[in-house]
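There are 2 protein chains.
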Amino acid sequence: MDTREDCLAADACDPLAPCRERFSLPEGVIYLDGNSLGPLPRATPALLNRAVKEEWGRDLIGSWNKHGWISLPETLGDRLGALIGAGPRQVIVTDSTSVNLYKLLHAALTLRPQRRIVLSEEGNFPTDLYIAQGLENAELRLSSRAGLPAAIDESIAVVMLTQVDYRTGALWDMKSITKAAHDAGALILWDLSHSAGALPVDLDGCDVDFAVGCGYKYLNGGPGAPAFLYIAKRLQESVRTPLSGWMGHAAPFDFGTAYAPAPGIRRMLCGTPSVLALRALEAGLASFAGIDMAAIRRKSLALSDLFMTLAEQRLPGDAFEIVTPREERRRGSQVSIRHGGAYAFMQALIEDGVIGDFRSPDLMRFGFAPLYTRFVDVWDAVERMAAIAEDERWRQKRYHRRQAVT
Amino acid sequence: MDTREDCLAADACDPLAPCRERFSLPEGVIYLDGNSLGPLPRATPALLNRAVKEEWGRDLIGSWNKHGWISLPETLGDRLGALIGAGPRQVIVTDSTSVNLYKLLHAALTLRPQRRIVLSEEGNFPTDLYIAQGLENAELRLSSRAGLPAAIDESIAVVMLTQVDYRTGALWDMKSITKAAHDAGALILWDLSHSAGALPVDLDGCDVDFAVGCGYKYLNGGPGAPAFLYIAKRLQESVRTPLSGWMGHAAPFDFGTAYAPAPGIRRMLCGTPSVLALRALEAGLASFAGIDMAAIRRKSLALSDLFMTLAEQRLPGDAFEIVTPREERRRGSQVSIRHGGAYAFMQALIEDGVIGDFRSPDLMRFGFAPLYTRFVDVWDAVERMAAIAEDERWRQKRYHRRQAVT
Numbered sequence: 002m003d004t005r006e007d008c009l010a011a012d013a014c015d016p017l018a019p020c021r022e023r024f025s026l027p028e029g030v031i032y033l034d035g036n037s038l039g040p041l042p043r044a045t046p047a048l049l050n051r052a053v054k055e056e057w058g059r060d061l062i063g064s065w066n067k068h069g070w071i072s073l074p075e076t077l078g079d080r081l082g083a084l085i086g087a088g089p090r091q092v093i094v095t096d097s098t099s100v101n102l103y104k105l106l107h108a109a110l111t112l113r114p115q116r117r118i119v120l121s122e123e124g125n126f127p128t129d130l131y132i133a134q135g136l137e138n139a140e141l142r143l144s145s146r147a148g149l150p151a152a153i154d155e156s157i158a159v160v161m162l163t164q165v166d167y168r169t170g171a172l173w174d175m176k177s178i179t180k181a182a183h184d185a186g187a188l189i190l191w192d193l194s195h196s197a198g199a200l201p202v203d204l205d206g207c208d209v210d211f212a213v214g215c216g217y218k219y220l221n222g223g224p225g226a227p228a229f230l231y232i233a234k235r236l237q238e239s240v241r242t243p244l245s246g247w248m249g250h251a252a253p254f255d256f257g258t259a260y261a262p263a264p265g266i267r268r269m270l271c272g273t274p275s276v277l278a279l280r281a282l283e284a285g286l287a288s289f290a291g292i293d294m295a296a297i298r299r300k301s302l303a304l305s306d307l308f309m310t311l312a313e314q315r316l317p318g319d320a321f322e323i324v325t326p327r328e329e330r331r332r333g334s335q336v337s338i339r340h341g342g343a344y345a346f347m348q349a350l351i352e353d354g355v356i357g358d359f360r361s362p363d364l365m366r367f368g369f370a371p372l373y374t375r376f377v378d379v380w381d382a383v384e385r386m387a388a389i390a391e392d393e394r395w396r397q398k399r400y401h402r403r404q405a406v407t
Numbered sequence: 002m003d004t005r006e007d008c009l010a011a012d013a014c015d016p017l018a019p020c021r022e023r024f025s026l027p028e029g030v031i032y033l034d035g036n037s038l039g040p041l042p043r044a045t046p047a048l049l050n051r052a053v054k055e056e057w058g059r060d061l062i063g064s065w066n067k068h069g070w071i072s073l074p075e076t077l078g079d080r081l082g083a084l085i086g087a088g089p090r091q092v093i094v095t096d097s098t099s100v101n102l103y104k105l106l107h108a109a110l111t112l113r114p115q116r117r118i119v120l121s122e123e124g125n126f127p128t129d130l131y132i133a134q135g136l137e138n139a140e141l142r143l144s145s146r147a148g149l150p151a152a153i154d155e156s157i158a159v160v161m162l163t164q165v166d167y168r169t170g171a172l173w174d175m176k177s178i179t180k181a182a183h184d185a186g187a188l189i190l191w192d193l194s195h196s197a198g199a200l201p202v203d204l205d206g207c208d209v210d211f212a213v214g215c216g217y218k219y220l221n222g223g224p225g226a227p228a229f230l231y232i233a234k235r236l237q238e239s240v241r242t243p244l245s246g247w248m249g250h251a252a253p254f255d256f257g258t259a260y261a262p263a264p265g266i267r268r269m270l271c272g273t274p275s276v277l278a279l280r281a282l283e284a285g286l287a288s289f290a291g292i293d294m295a296a297i298r299r300k301s302l303a304l305s306d307l308f309m310t311l312a313e314q315r316l317p318g319d320a321f322e323i324v325t326p327r328e329e330r331r332r333g334s335q336v337s338i339r340h341g342g343a344y345a346f347m348q349a350l351i352e353d354g355v356i357g358d359f360r361s362p363d364l365m366r367f368g369f370a371p372l373y374t375r376f377v378d379v380w381d382a383v384e385r386m387a388a389i390a391e392d393e394r395w396r397q398k399r400y401h402r403r404q405a406v407t
């Protein structure tokens, strides 16, 4: 696509273009940060309002049964599972990604009692690493990305990786890494926070053991939406959660004294979940209704490819380095650009109505969520980036920021 | 109060009567189950709608700073703290009660490394007991209620009690039990789920170490609202959480590899919290604006005393046994009645528009939340109970239910 008109033409024949109407996007803003916080689906306010006024306000405590509150973690888990290649009753919506990481790392270490090493990569998302550091009887071993496959040996209890790197957007080959872990007798735990809803994931097909992910990025569940976890059916009955709360009990309303885990995935619940947060996530998941993840992937790659091509054409290559792999099978749905003045540049870009984000020390991230991002948005975003790059303003701001910090 | 008119007169001069307008209660329903799920505050829909449409929908990712999302756990924690006798920066709103119990029991055991026993009482709320059972290196010891003070000895790491018993409504003397724990070198952990917002609590004044509680009962934060935890200032810097997630990191947005706890209470955060759930809790807490907890306690005792007096007068004493202590200093804000056909009786009562609840095997619970419960509600509730007791209908239903179960 060599002109803005080409982009408009691509949008005109894009089969996903009508999905943009499912979202309430602010006027005049190009939102390229759905990899951090998905925008508001149009359906959310009404669904939430009904949950507040009719379910909570009118039907009160009876709603746990009447409106199915009690089974929401499972019903939403199954809907979410359909987006990540998980058959029914293997995904449950609960707690935060961090809490779910704790549960599953603990479970993995219990299933491999002769081993204590959690293997991860240096650039993994901090909370994954922090949670592993908080586990007693576990030792976190970090490898470089390149060295990771070779670091999987028979000392490893569980390999914990984020499928799409939050900084670079690089994508792991889930199938081969999972196989390498299993070949070494280790378990695998995938963090799908940056892949669920962004690209096809095939948990069952890749024979994955465990997965977690958050609901507020590509799944559009709202700020801090409930997270999810996956446990392969074959492992569920041998998994115990250290967070043995009452909602995961076999018979929570018997109010017995002794803990007994519920059958299957439900045992991974802990306390009482926020019903309002679950309803908002329900609306977020509904934004994927009728959409094939393969179509999302096709458009995602086309958008990000266009962005990289235009960025290379329009931005000075000595100052702007694309750190995201160009090869399609090696990247997710975001593109990251390294730049010495990344913070100030992103601030200037946001002021110009293009919202991406900054990750310390020198990265700008741009997410391309195919449900609401247009090809013309990509064109316009690069246009504005080129204008700022030519301008001195952002350098000034950077100067002022440094002054303010010291 | 001997007549319905007396009750109406009491309502007319009740200083808390205007607070009822702060809630959206369904027509024709007497809601005596606020001890399980608080009703919808009138302010909630608008506050939530603003959070959804303006904060999330319009301002998107920028709201973490612009609308103070990032500090909501602390700002709401301080507001909640004011209701339970906790000075600033000792309460934080986060996760569920169950998850918070896990964090604090773990912390207590770490602070008492030579001891491993968690002492609790047989009738404690199940999730408290289940969480203690899930902790490695801990041993849960249960005592009868009567025997508990004597069971606190130097083998105990932490005494874990719910201040108001969820079944009987019995109230522990927080000050004396806390002192007994400290005298034995043990720590104390109070679960305030059935007391926060229901009666004055004086955590600081009683020299309490740890507390947890939920936001969806007397605090009216919505179904499954975020929970809270309290750590006395003097202990905060020596407490580590096993759930060392990124929101509790000293510098979460530096994205460093090594976990380092934030100073103070903020270290007890784990993952990203649901902002929508926090906003709903904010509205729930606002329903206490300008209200003195002592006034709440006075009315609570008057309501529950009236209920017990009328129940004794109007219900056959051989079939209905009040299990809640009559003595004011020994009860919270609910009254429980034992009855052989409690389940069917409560079903019949709910059909008649009086909502309480049932706890297996034979208890009916009635909560008296002074912000929205009127004296005439108590009169009318007992009136309907008396009518059902005289009627055979509920016995029939009970018969049918048993038939259905077998």
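Order-wise, the sequence lines are chains X and C.
Residue numbering for the first sequence follows this note's numbering, starting at 2 and increasing by one per position.
Residue numbering for the second sequence follows this note's numbering, starting at 2 and increasing by one per position.
The beta carbon of each residue, even a glycine, is placed where N, CA and C say it ideally should be.
Every value quoted in this text rests on a predicted model; they were computed, and no experiment measured them.
I232 of chain C: which of C:R241, C:G225, C:P224 and C:W65 sits nearest, CA to CA? C:R241
Give the C-beta separation of P40 of chain C and L26 of chain C to the nearest angstrom, bearing in mind that I take them to be a contact with Cβ-Cβ under 8 angstroms. 6 angstroms
Assign G272 of chain X to buried or exposed, taking buried as 16 or more other Cβ atoms, counted over all protein chains shown, within 10 Å of its Cβ. buried
So, is the C-beta of L130 of chain X closer than 8 angstroms to a C-beta in chain A? Reference to chain A is not applicable here, since the protein chains of this structure are X and C.
Cα-Cα separation between D358 of chain C and S72 of chain X, rounded to whole angstroms: 20 angstroms
Within the segment 102 to 173 of chain X, ranges of the alpha helix (DSSP H) (whole runs, at least 4 residues): 127 to 135 and 149 to 152
Mind pulling the chain X residues with CB within less than 8 angstroms of D96 of chain C? D96, S97, V100 and G272
Which one or two residues does DSSP pair with V336 of chain X in a beta bridge? X:F367
Measure the alpha-carbon distance for I323 of chain C versus V336 of chain C and round it to whole angstroms. 7 angstroms
Any contact of the segment 324 to 343 of chain C with the segment 360 to 372 of chain C, i.e. 3+ C-beta pairs under 8 angstroms? yes
Three Cβ pairs or more, each shorter than 8 angstroms: is that satisfied between the segment 122 to 134 of chain X and the segment 287 to 294 of chain X? no
E329 of chain C: which of C:A312, C:S305, C:A343 and C:R339 sits nearest, CA to CA? C:S305
Residues that I62 of chain X contacts on chain C, provided the C-beta gap is smaller than 8 angstroms: D34, S37, L38, I356 and D358
Are D205 of chain X and G86 of chain X close, meaning C-beta to C-beta below 8 angstroms? yes
What do you get for K67 of chain C, buried or exposed, if any count of 16 or more other CB atoms within 10 angstroms of its CB means buried? exposed
Could you please give me the residues that DSSP links to R360 of chain X through a beta bridge? X:L364
Taking just the CA atoms, how far does D184 of chain C sit from A147 of chain C? 19 angstroms
Using a 10 Å radius around the Cβ and a threshold of 16 neighbouring Cβ atoms, would you call V406 of chain C buried or exposed? Bear in mind that the predicted position of V406 of chain C carries a pLDDT of just 47, short of 50, making it too unreliable to give a figure here.
Under 7 angstroms Cβ-Cβ, which residues of chain C neighbour F256 of chain X? P127, R360 and S361
In angstroms with no decimal places, state the Cα-to-Cα distance between P114 of chain X and V160 of chain X. 15 angstroms
Count Cβ pairs between the segment 219 to 239 of chain C and the segment 133 to 140 of chain C that sit closer than 8 angstroms; are there 3 or more? no
Can you list the alpha helix (DSSP H) stretches of 4 or more residues lying completely in the segment 164 to 244 of chain C, in chain order? 175 to 184 and 234 to 237
Ignore the nearest five residues each way along the sequence and tell me which others in L48 of chain C's own chain have a CB closer than 7 angstroms to its CB. R280, E283 and A284
With three or more C-beta pairs closer than 8 angstroms as the rule, is the segment 336 to 354 of chain X touching the segment 305 to 322 of chain X? yes
Quick check on W57 of chain X - is its C-beta less than 8 angstroms from some C-beta in chain C? yes
For F289 of chain C, does the three-state DSSP call read helix, strand or coil? coil
Quick check: is the beta carbon of W173 of chain X nearer than 8 angstroms to any beta carbon in chain C? no
Looking at chain X, which residues of the segment 301 to 325 of chain C have a Cβ within less than 8 angstroms of any of its Cβ atoms? none
DSSP three-state assignment for V94 of chain X, whether helix, strand or coil: strand
For P89 of chain C, which of helix, strand or coil comes out of DSSP? coil
Would you list the one or two residues that DSSP bridges to I31 of chain X? X:V355
Who are the near neighbours of W173 of chain X in its chain, counting only those whose CB is closer than 6 angstroms to its CB and skipping five residues on each side? L162 and Q164
How close, in whole Å, do the beta carbons of R298 of chain C and L236 of chain C come, if the pair is a contact with beta carbons under 8 angstroms? Their Cβ separation, rounded to whole angstroms, is 28 angstroms, which puts R298 of chain C and L236 of chain C out of contact at 8 angstroms.
Bridge partners of H250 of chain C, per DSSP? C:P262
Establish whether the CB of G246 of chain X and some CB of chain C are separated by less than 8 angstroms. yes
Any contact of the segment 90 to 109 of chain X with the segment 251 to 259 of chain X, i.e. 3+ C-beta pairs under 8 angstroms? no
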